[in-house]
Structures are given as structure tokens and as C-alpha cells.
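**Q** Next up is a structure, given as C-alpha cells.
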Amino acid sequence: MKKDLISYTIHLADSALILGHRNSEWCGHGPVLEQDIAITNISLDLIGQARNFYQYAAQLTGNNTTEDTLAYLRDAREFKNCLLTELPNGDWAVTVLRQFFFSAYQYLLYQQLQHSSDTQLAAIAEKSLKEVTYHLRWSSEWVIRLGDGTSESRQRILNAIEDLWMFTGELFKPADYEIEATAKGFGVNAELLKNDWLQNIKAIFEEATLPVPDENAWMQTGGKTGSHTEHLGFILADMQFLQRTYPGCEW
Amino acid sequence: MPIHDLEKTFLDKIEREIKIEPRDWMPDAYRKNLVRQISQHAHSEIVGMLPEGNWITRAPSLKRKAILIAKAQDEAGHGLYLYSATETLGTSREETINDLHSGKAKYSSIFNYPTLCWADIGAIGWLVDGAAIINQVMLCRTSYGPYARAMVRICREESFHQRQGFEILLVLSRGSDEQKAMCQDALNRWWWPSLMMFGPRDSDSTHSDQSMKWKIKRMSNDELRQKFIDMIAEQVKVLGMTLPDPDLKWNAERKHYDFGEIDWAEFWNVVKGNGPCNKQRIEARTKAWDEGAWVREAAVAYAEKRKEKQPQTPKGALEAA
Ligand SMILES: [Fe+2]
Ligand SMILES: [Fe+2]
Ligand SMILES: [Fe+2]
Chain A
1 MKKDLISYTI HLADSALILG HRNSEWCGHG PVLEQDIAIT NISLDLIGQA RNFYQYAAQL
61 TGNNTTEDTL AYLRDAREFK NCLLTELPNG DWAVTVLRQF FFSAYQYLLY QQLQHSSDTQ
121 LAAIAEKSLK EVTYHLRWSS EWVIRLGDGT SESRQRILNA IEDLWMFTGE LFKPADYEIE
181 ATAKGFGVNA ELLKNDWLQN IKAIFEEATL PVPDENAWMQ TGGKTGSHTE HLGFILADMQ
241 FLQRTYPGCE W
Chain B
1001 MPIHDLEKTF LDKIEREIKI EPRDWMPDAY RKNLVRQISQ HAHSEIVGML PEGNWITRAP
1061 SLKRKAILIA KAQDEAGHGL YLYSATETLG TSREETINDL HSGKAKYSSI FNYPTLCWAD
1121 IGAIGWLVDG AAIINQVMLC RTSYGPYARA MVRICREESF HQRQGFEILL VLSRGSDEQK
1181 AMCQDALNRW WWPSLMMFGP RDSDSTHSDQ SMKWKIKRMS NDELRQKFID MIAEQVKVLG
1241 MTLPDPDLKW NAERKHYDFG EIDWAEFWNV VKGNGPCNKQ RIEARTKAWD EGAWVREAAV
1301 AYAEKRKEKQ PQTPKGALEA A
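From first to last, the protein sequence lines are chains A and B. Per our numbering, residue 1 is the first one in the first sequence, and the count goes up by one each step. Per our numbering, residue 1001 is the first one in the second sequence, and the count goes up by one each step.
Below, the structure written as C-alpha cells:
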């Protein structure tokens, strides 16, 4: 029970951290100041969520585990984030579309998770839901704007859909610890979120005048169980550099 | 009203400490001087995000990462208030930004130095934000209303940044030998450039005189620099580190710290564009702006389509005006 709860909690944390990390790469490089602030804000929210989940996982794990040992001292094979979150930022279209896909999922996930039998998970989900509601609105607006903006923005968001679509299936394909989590009542059945997610995507794409890709297309998986893209290793190389080079220090 | 009457009213307001507001008449030179100074300040906030942003993905703990991201985001917000303040003077944000990219407008030279280790993030917070605060506290009383009000908001956040920077260094100063060395190394590299932030000596400063008369500036470069040195020379004792100036010592008669000669050749060289990162910083800003062009165009195109589809509400009409 405890092992599944820890894995499930770390999975939630990892996805939030890695996407937060990716978004933070925009800081100082956004297309316009207001949006630089917005994407940085989303990054901060996600890292904040990750910290809450890690702290809880650390408490469950014991043995001097901390949020930082979890984030900084595990290697790529132990990370359980969805592949979607670790993909490179690409252009603004890729970034806002990735955020839209993920926020639409996270929104449904946290809505359920706030009723988890585990009071800690429920509390974190409830608190995070307010943030995710904003992320979803913000990213939806950008998808619509780019889809129905100029011919260039339309082409770019079409390219982004092409690049990202195959990474959306994993969100709804539960790993073993998610199946256990659902069975034991503290986790959310990700499979059951898929329909609502798809409806939301269709609605926004329609407003954006964008075609919805084939939902039965081939989907990449593996992130949830530690089989990642080549990108994650580089994220961790950056992120963990100081902790690895100067082990055991306080910062 | 004839010009000399308008000018008299203007000078009278300055004299009586009444803020000058956007709609008030003001001498062209006053306006130009303000646009130059405020936009330079705005650019400094934005360019300043780059050396710090350099460490966001490598921050050594989740807490430090969150604090650093929040700080960089604050700086973006400061840039935003300040660009708005220049807009009240009739210069659009786009024009102002173009001047940065073309090299016509300057920004604080301190950001042309590289951040080489984690301690640099602490040193920037403590020294660079610290120097900025000394300057900005004075500017809270500057004669132009929108600038003064922007400064009040900004100062509050800058003092947070300074405390957080000091805290980073404090932890390092009590850490491993390597961390202590990192801390001292950062101070050695950032100390002199941070003194240069106050600008040339009063005797060599071109804009200072008129700025003082108009109460845009209310203290001279040298006065502000001395204030900063007096503050830091005390605080560094808490860190148990040293500042890289053998001539730095308390002068009981002056009731100030004496300090060594600043390398003005280096100062002017970096101002001229020859600092270690001048080229890199402007390239990064230009790249972000150019690569964002299609995004900004799409936003405008979409907003216009929207306007055509929906009849304008009175509120929408007001906003457009
Ligand atoms: Fe600032
Ligand atoms: Fe500032
Ligand atoms: Fe600051």
C-alpha cells in the first residue's frame, strides 16, 4: 500500500517538476514581457505543486528523504513523469500546446484527486486546482489565438500538434502503481479521464479552427515507468549538477 | 500661455515638491532626460534577468529554484512598470525596446558580467539589488509622479531580493570549504562592478547637474556610492568574507569608509560595449524579440478578427481609444 502511494505521489511530483522546469527555461526569453511573466508564473505554480507532492512522498519514505533528495538524487530511470512534460520547448506554439494538453489533463485529474481517500493528496489537489484552472484558461486562449491568428501561427500550431499528439495517450494509460492507487481508493483512474479530456480538446480546437487528430493514432509510452526520451537525461544533468558535484552540502 | 510662464509654473512645482504628472507641461529636455533614464532602468531590469536566468535550471534546491524564478519574474514586472512610465512620456514600448536592440539605449553595465558559479546569484542579490535599492530609495522622491510611484512598488520587492541574496551567501559562508571559496570568489568578481553601478565620479558625470536641479536625482553618484559602501562593509562582517579592496577602512573623522580607486578604464570599456557579455546579452534580447514577432502578430490578428465578429461594447470602444 505504502509503496504504491509513494510511487503514485512521486509520479505526480515528477510530472509537475519537469514541466515546471521546461517552462522556466522561457524566463527572460518570452515573446513579450506579459507572457514571459505568465509562463514563468505557471512554472512557479508547477514547481510549487511538485514540492508539495515530494514533501509528502519524503515523509512517507522516511530515512532522511527530503524533497531535494527526491528531485536531485534520482537518475532518469527512476523518474516517473509523463513523456509529454520533458519534451523540449520548441517554439511558443509547442510550449502553449504542451501546456494545454497537460493542463486539460491535470484539471480533470485534480478534480478527482481532491476527493481522494488520502487526505494529504486531496488537500494538495484541491489547492493546486485553482492554479491549474488558470493554466488551462491561459493555454486554451493561446491555442485559439494561434490557430485563428495568422497563417504563420496556424502553421506553427499545426506542426506542434503533429509533434505532440503521440505523447498525449500516455496520460490516460495507467502504470501499475496507478492501477493499485485506483483500486485502493487514493488515486484517480486515468483511463476514465480520457473522454472528458478529448471533449475539451475538441471544443477548443474547434474554436481555434484546428483539426482534431486521430485519437486512435499510435501513442508513445514509458515515462511513467522510467523509460524516457533522450531529453530527460539532459534536464537532470543541468538540474542536479550542483548536488552531484558537491554532495552532502546545504544550499 | 507663453513658454516662459509654463516654464515658471513647472519650476515652481519642482521647487514646492509637487510631482510633475504626464499631462503637465514640461521642458523638452526634462522629458528627454526622463525617457533616457527610465528606459535605461527598464532595460536593466529585463537584461538583468539573463545572468540570473542562467542559473534557474541549475539552482541547487527546489526552494532556491522557486525563489530565483520568482525573483526573475519580479524583475520582469519591474520592467513592465517602467516601460509603462516611459509610455506616459509619449514613447512607446516598441520604440524603447528598439533602442535597446540597436545599442542606442544603455542598460546597467553590471549585467555584462557573467554568472560563473551559484554564489554569483547570491552576490547579485546582495550587491546588485543592494546597489539598486540605494539608488531607487532616492528615486521614490523623484519629481516625475509616475516614476516615483513605480519606484515605491519596486523598492519593496528589491529589498526582498537583497535579503534572499544575502541568505544564499550566508549559507555558503557556513558551508564546506568549496562553498566558502565559491562565496569569496563571487564577492571578488562582483564587488568592483557593483560600485561602478552608481556611475562616473560626480566630476565626470554629464547628466548629473541638470538632473539634480530638476530633482530627478536627489543625491549625487558619489554620495550614493558612499552610502552603499558603508552598508556593505558592515554586512560583509556577518559573512566572515572580505571585500577585494585593501584600502577599504573606516574613517572615524569622515564617519565613512574610505575605499580604493575604481578602475574607470574598465568602467568605460564595458559601457562602450566591450564587457565580457555585452554582445551575448543584446543578442539574447534581440533573439527573444525577433522570435516572438510571429506570436505578437498572431495575437493582434486574432484580436482584430474578434473585433470584427462582435459589435463593440462601449467598454471595448473606450479601451481602443
Ligand atoms: Fe528590479
Ligand atoms: Fe531596479
Ligand atoms: Fe531585484
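Backbone N, C-alpha and C fix where the C-beta goes; we use that ideal spot for every residue, glycine too. For clarity, every value in this text was computed on a predicted model and none was experimentally measured.
1. Sort A/Gly226, A/Gly233, A/Thr225 and A/Asp196 by Cα distance to A/Phe101 and report the nearest one.
2. Kindly say whether A/Asn63, judged by its beta-carbon, lies nearer than 8 Å to any beta-carbon of chain B.
3. Is B/His1161 a contact residue of ligand 3, with contact defined as CB to any heavy atom under 7 Å?
4. Over what stretch of residues does the beta strand (DSSP E) that includes B/Trp1250 continue unbroken?
5. Count Cβ pairs between the segment 1198-1214 of chain B and the segment 1101-1109 of chain B that sit closer than 8 Å; are there 3 or more?
6. Taking contact to mean 3 or more Cβ pairs, one atom from each stretch, closer than 8 Å, check whether the segment 213-231 of chain A and the segment 172-183 of chain A are in contact.
7. Could you tell me whether the Cβ atoms of B/Gly1275 and B/Ser1173 are closer together than 8 Å?
8. Is any heavy atom of ligand 3 found at a distance shorter than 7 Å from the C-beta of A/Asp36?
9. Using a Cβ cut-off of 8 Å, pull out every chain A residue sitting near B/Lys1065, in sequence order please.
10. Please tell me whether, using a cut-off of 7 Å, the distance from the CB of B/Ile1154 to the nearest non-hydrogen atom of ligand 1 is below it.
11. Among residues of its own chain, excluding the 5 on either side of B/Gln1040, which ones have a beta-carbon nearer than 8 Å to its beta-carbon?
12. Hey, is B/Tyr1257's beta-carbon within less than 8 Å of any beta-carbon in chain A?
13. Taking a cut-off of 5 Å, which residues have a beta-carbon closer than that to any heavy atom of ligand 1, in chain order?
14. Would you say B/Glu1158 touches ligand 3, meaning its beta carbon is less than 7 Å from a heavy atom?
15. Which residues of the segment 141-153 of chain A have a Cβ closer than 7 Å to any Cβ of chain B? Give them in chain order.
16. Should B/Lys1217 be labelled buried (16 or more other beta-carbon atoms within 10 Å of its own) or exposed?
17. Does ligand 5 have a heavy atom nearer than 7 Å to the CB of B/Asp1120?
18. In chain order, which alpha helix (DSSP H) runs of at least 4 residues are fully inside the segment 115-190 of chain A?
19. Measure the CB-CB distance between B/Cys1117 and B/Ala1042 and report whether it falls below 8 Å.
20. Going by CA-CA distance only, name the one from A/Lys80, A/Ile39 and A/Ala71 that's closest to B/Ala1070.
21. B/Ala1132: beta carbon under 7 Å from a heavy atom of ligand 3?
22. Can you list the residues of chain A that B/Gln1310 reaches, using a CB-CB cut of under 9 Å?
23. Taking the beta strand (DSSP E) that B/His1256 falls in, what are its first and last residues?
24. Please tell me whether A/Gly30 and A/Ile47 are closer than 8 Å, where the distance is taken between their beta carbons.
25. Does any heavy atom of ligand 3 sit closer than 7 Å to the C-beta of B/Lys1071?
26. Using a Cβ-Cβ cut-off of less than 9 Å, give me the residues of the segment 1148-1178 of chain B that come near chain A, in sequence order.
27. Report the residues of the segment 1215-1240 of chain B with a CB closer than 9 Å to any CB of chain A, ordered along the chain.
28. Can you give me, in chain order, the residues of the segment 1037-1063 of chain B that have a beta carbon less than 7 Å from any beta carbon in chain A?
29. Return the Cβ separation of A/Trp26 and A/Asn89 in integer angstroms, given the expectation that the two are a contact with Cβ distance under 8 Å.
30. Any chance the segment 1117-1131 of chain B sits against the segment 1048-1058 of chain B, with 3 or more Cβ pairs inside 8 Å?
31. Ligand 3 and B/Asp1129: does any heavy atom of the ligand fall closer than 7 Å to the residue's C-beta?
32. Counting only Cβ pairs nearer than 8 Å, list the residues of chain B close to A/Thr40.
33. Who are the Cβ neighbours of B/Ala1320 in its own chain at under 7 Å, not counting the five residues just before and after it?
34. Decide if B/Met1001 is buried, meaning its Cβ has at least 16 other Cβ atoms within 10 Å, or exposed.
35. Since B/Tyr1144 sits in a beta bridge, which residues does DSSP pair it with?
36. When you compare the CB of B/Glu1017 with every CB in chain A, is at least one pair closer than 8 Å?
**A** Judging by the given coordinates:
1. Within the first sequence, residue 101 of chain A is the residue found at index 101, counting from 1. Checking every option, the nearest Cα to that of A/Phe101 belongs to A/Asp196.
2. Within the first sequence, the letter at position 63 stands for residue 63 of chain A. With 8 Å as the cut-off, A/Asn63 does not count as an interface residue toward chain B.
3. As a first step, residue 1161 of chain B is located in the second sequence; it is residue number 161 there, counting from the start. True, at least one ligand heavy atom lies under 7 Å from that Cβ.
4. What you label residue 1250 of chain B is simply residue 250 of the second sequence in a count that begins at 1. Counting along the chain, the beta strand (DSSP E) containing B/Trp1250 begins and ends at Lys1249 to Asn1251.
5. no
6. yes
7. For this step, residue 1275 of chain B is matched to residue 275 along the second sequence. For this step, residue 1173 of chain B is matched to residue 173 along the second sequence. Cβ distance not < 8 Å, so B/Gly1275 and B/Ser1173 don't count as in contact.
8. As a position in the first sequence, residue 36 of chain A is number 36, starting the count at 1. No, ligand 3 has no heavy atom inside 7 Å of this Cβ.
9. Position 65 of the second sequence, counted from the start, is the residue given in the question as residue 1065 of chain B. Those within 8 Å of B/Lys1065 in chain A are Ser24 and Ile47.
10. Along the second sequence, one-based indexing puts residue 1154 of chain B at 154. Yes, since a heavy atom of ligand 1 falls inside the 7 Å radius drawn around the Cβ of B/Ile1154.
11. As a working mapping, residue 1040 of chain B is identified with position 40 in the second sequence. The residues are Ala1105, Lys1106, Tyr1107 and Ser1108.
12. Here residue 1257 of chain B corresponds to residue number 257 of the second sequence, with the count starting at 1. It does not: the Cβ of B/Tyr1257 has no partner Cβ on chain A nearer than 8 Å.
13. B/Glu1045, B/Glu1075 and B/His1078
14. The sequence position of residue 1158 of chain B within the second sequence is 158, counting from 1. Flag set: Cβ of B/Glu1158 near ligand 3.
15. Arg145, Leu146, Asp148, Gly149, Thr150, Glu152 and Ser153
16. Taking the second sequence and counting its residues from 1, one reaches residue 1217 of chain B at position 217. Answer is buried; the Cβ neighbour count reaches 16.
17. Of the ligands one can find in the structure shown, namely ligand 1, ligand 2 and ligand 3, none is ligand 5.
18. 119-147, 151-164 and 176-183
19. Translated into positions along the second sequence, residue 1117 of chain B becomes position 117. Translated into positions along the second sequence, residue 1042 of chain B becomes position 42. Not closer than 8 Å, so no.
20. Working through the second sequence from its first residue, we reach residue 1070 of chain B at position 70. That would be A/Ile39, whose Cα lies nearest to the Cα of B/Ala1070.
21. Along the second sequence, one-based indexing puts residue 1132 of chain B at 132. Correct: B/Ala1132 has its Cβ closer than 7 Å to ligand 3.
22. Your numbering for residue 1310 of chain B matches position 310 in the second sequence. Result: empty, since nearest Cβ-Cβ is about 14 Å, beyond 9 Å.
23. Residue 1256 of chain B sits at position 256 when you count from the first residue of the second sequence. Element bounds for B/His1256: His1256 to Asp1258.
24. Working through the first sequence from its first residue, we reach residue 30 of chain A at position 30. Working through the first sequence from its first residue, we reach residue 47 of chain A at position 47. Contact flag unset, no.
25. The residue labelled residue 1071 of chain B in the question sits at position 71 within the second sequence. Because some heavy atom of ligand 3 lies under 7 Å away, the Cβ of B/Lys1071 counts as near it: yes.
26. Ile1168, Val1171, Leu1172, Arg1174, Gly1175, Ser1176 and Glu1178
27. none
28. Met1049, Leu1050, Gly1053, Ile1056, Thr1057, Arg1058, Pro1060, Ser1061 and Leu1062
29. Taking the first residue of the first sequence as position 1, residue 26 of chain A is located at position 26. Taking the first residue of the first sequence as position 1, residue 89 of chain A is located at position 89. Between A/Asn89 and A/Trp26 the Cβ distance is about 7 Å, and since that is below 8 Å, they are a contact.
30. yes
31. Working through the second sequence from its first residue, we reach residue 1129 of chain B at position 129. Yes - ligand 3 has a heavy atom lying nearer than 7 Å to the Cβ of B/Asp1129.
32. Looking up residue 40 of chain A in the first sequence gives position 40. The answer, in chain order, is Ile1069, Ala1072, Gln1073 and Ala1076.
33. As a working note, residue 1320 of chain B is residue 320 in the second sequence. Confidence in B/Ala1320 is poor, its pLDDT being 35 and thus under 50, which makes the residue's placement too unreliable to answer from.
34. Stepping through the second sequence from its first residue, residue 1001 of chain B is reached at position 1. So B/Met1001 counts as exposed.
35. As a position in the second sequence, residue 1144 of chain B is number 144, starting the count at 1. In DSSP, B/Tyr1144 forms a bridge with B/Ile1020.
36. Taking the second sequence and counting its residues from 1, one reaches residue 1017 of chain B at position 17. Judged by the 8 Å Cβ criterion, B/Glu1017 is not in contact with chain A.
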